[in-house]
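The numbering of the sequence shown is our numbering, which starts it at 22 and goes up by one.
These notes concern the structure reproduced below.
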Amino acid sequence: KAYSSRANRAHLRRRNIKAVIPEKKDQAAHRKKKGSKGGRPVSHDPGLYRDRNTVERLINKLKTWRG
Numbered sequence: 022k023a024y025s026s027r028a029n030r031a032h033l034r035r036r037n038i039k040a041v042i043p044e045k046k047d048q049a050a051h052r053k054k055k056g057s058k059g060g061r062p063v064s065h066d067p068g069l070y071r072d073r074n075t076v077e078r079l080i081n082k083l084k085t086w087r088g
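Quick look at the structure:
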């Protein structure tokens, strides 16, 4: 499960890692409510997120495989 907090995104930015975590609806609403001080919307690429999900499922299958 991915956590879409401001601190997590800042940590990823410092390490030059592109975040593929979608912004939660309540976070987006809060950002919009703050107006121009709320910052810019987070970038989200659905294709990358889908690939990330596929990789996570594969790793989970490998971990649980009893061969």
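Don't be surprised by glycine CBs; every beta carbon is placed ideally from N, CA and C.
These figures come from a predicted structure and were not determined experimentally.
Residue state for A31 is assigned as helix, using DSSP reduced to three classes. When only Cα atoms are considered, R35 and S26 end up about 14 Å apart. Rounded to the nearest whole angstrom, the CA to CA distance from K53 to I80 is 36 Å.
Unbroken alpha helix (DSSP H) runs of no fewer than 4 residues, entirely contained in the stretch 35-63, are found at 46-55, following chain order. Taking the C-beta atoms as reference points, V63 is found no nearer than 7 Å to E77.
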